[in-house]
């Protein structure tokens with residue numbers, strides 16, 4: 002079973018497995034799910050959803066989906082099984098590879114849904130081109146499921162999901178730490194996204210202490226949706242370098258590659274910069290660039306709001 006309580010607009014945002022149920026309640030809920038499938042003669046992969054009343058300590062049937070759901074990877078991570086393969090095997094008339102008593106829960110897994118949306122504007126769906134995309138490194142404990150690449154478009158005609166990010170740990174604390182690190186290493190440019198909001202969720206004391214329900218986002222929205230991203234010199238320097246390498250270095254003749262230029266040209270760039278997902282007015286920036294000394298070596302001096310910074 003999985004806990005999918007962190008939601009916005011009644012749609013899941015964060016899922017984790019296992020949930021915080023007692024072993025006895027987990028067993029009882031599992032039996033209820035199997036009974037629901039048997040009652041209609043269903044034979045294949047299915048997902049039964051229950052809503053849990055924390056006051057009455059009881060659960061109630063909501064619906065059954067005749068398929069695996071978006072968050073099935075976290076169940077795979079804690080059991081070591083491939084449920085997509087299982088679904089195909091059953092559909093082919095083959096028996097299940099294991100019985101219930103042969104399955105065990107090992108560790109903890111968390112999944113987040115990375116969306117193109119603006120959490121600071123009612124989670125309004127976004128769209129547009131992904132101008133920059135850098136994903137965290139995948140390993141045995143970090144998994145990414147996505148269907149987009151840099152330069153792809155997020156369309157207004159489909160769900161604006163960019164990817165599913167899954168992390169696994171020996172325990173819940175470790176899984177949260179791995180997720181926080183992975184989100185810090187996820188860089189998406191060109192369109193609004195919910196990465197910063199997700200990071201705030203995993204830093205919130207109520208989430209860390211496992212003391213939340215479906216009202217989590219609504220109750221703590223002032224803390225979760227507090228803007229923490231600001232203009233800083235490193236970001237501006239990175240943006241200028243990104244522009245230069247894409248628009249200037251790409252035009253340099255191949256024979257200049259790996260050569261040092263002792264008397265580089267000076268370029269003055271005037272542009273406006275604006276933080277994604279921010280209501281602030283664009284800032285005027287003037288950058289004086291000396292370079293390139295080699296293919297990617299520059300000295301940059303830029304001025305914004307009367308402040309001057311230098312980068313080499």
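In our numbering, the protein residues as written are 2 to 313.
Using N, Cα and C, we set each Cβ at its ideal position, and we do this for glycine too.
Residues of its chain near residue i, where Cβ-Cβ distance is below 6 Å and the 5 sequence neighbours each way are ignored
| i | result |
| --- | --- |
| residue 173 | 109 |
| residue 178 | none |
| residue 67 | 47 |
| residue 80 | 104 |
| residue 207 | 213 |
| residue 50 | 63 and 64 |
| residue 13 | 5 |
| residue 76 | 18 |
| residue 160 | none |
| residue 35 | none |
| residue 157 | 128 |
| residue 209 | none |
Check whether residue i and residue j have beta carbons under 8 Å apart
| i | j | result |
| --- | --- | --- |
| residue 166 | residue 151 | no |
| residue 61 | residue 226 | no |
| residue 30 | residue 72 | no |
| residue 37 | residue 63 | no |
| residue 180 | residue 217 | no |
Nearest-angstrom beta carbon gap, residue j and residue i [assumed within contact, 8 Å]
| i | j | result |
| --- | --- | --- |
| residue 106 | residue 127 | Incorrect: roughly 36 Å between the Cβ atoms, too far for contact. |
| residue 191 | residue 94 | About 47 Å separates the two Cβ atoms, so there is no contact after all. |
| residue 21 | residue 91 | Not really, about 30 Å apart at Cβ, beyond 8 Å. |
| residue 113 | residue 199 | 5 Å |
| residue 87 | residue 74 | Contact flag wrong, Cβ pair sits at about 13 Å. |
| residue 215 | residue 8 | 6 Å |
8 Å Cβ shell around residue i - same chain, five flanking residues per side excluded
| i | result |
| --- | --- |
| residue 176 | 17, 108, 109, 110, 111, 168, 169 and 170 |
| residue 163 | 115, 116, 117, 131, 147, 149, 155, 189 and 194 |
| residue 39 | none |
| residue 78 | 18, 108, 110, 144, 167 and 169 |
| residue 224 | 201 and 205 |
| residue 27 | 2, 19 and 20 |
| residue 142 | 168, 169, 170 and 179 |
| residue 211 | 21 and 173 |
Per DSSP, cross-strand counterpart(s) of residue i
| i | result |
| --- | --- |
| residue 12 | 9 |
| residue 143 | 140 and 168 |
| residue 109 | 170 |
| residue 133 | 190 |
| residue 116 | 162 |
| residue 98 | Paired residues: none, contrary to the question. |
| residue 59 | 54 |
| residue 2 | Residue 2 is not bridged to any residue. |
| residue 65 | 49 |
| residue 177 | Paired residues: none, contrary to the question. |
| residue 155 | 129 |
Residue-chain proximity (residue i, chain D), Cβ-Cβ < 8 Å
| i | result |
| --- | --- |
| residue 119 | The structure shown contains no chain D; it is built from a single protein chain. |
Chain-order list of residues whose beta-carbon lies under 7 Å from that of residue i (same chain, five-residue window excluded)
| i | result |
| --- | --- |
| residue 85 | 69 |
| residue 119 | 125, 127, 193 and 278 |
| residue 196 | 115, 184, 187 and 189 |
| residue 10 | 124 |
| residue 43 | 67 |
| residue 53 | 60 |
| residue 41 | none |
_Residue ranges of each alpha helix (DSSP H) within the region 10 to 54, 4 or longer_ = 24 to 40
*Enumerated in chain order, which unbroken segments of the alpha helix (DSSP H) with a length of 4 residues or greater are wholly contained in the region 185 to 239?*
196 to 204, 206 to 209, 217 to 220 and 222 to 225
*Mind listing, in chain order, the continuous alpha helix (DSSP H) runs of no fewer than 4 residues lying wholly within the region 70 to 95?*
73 to 80 and 84 to 92
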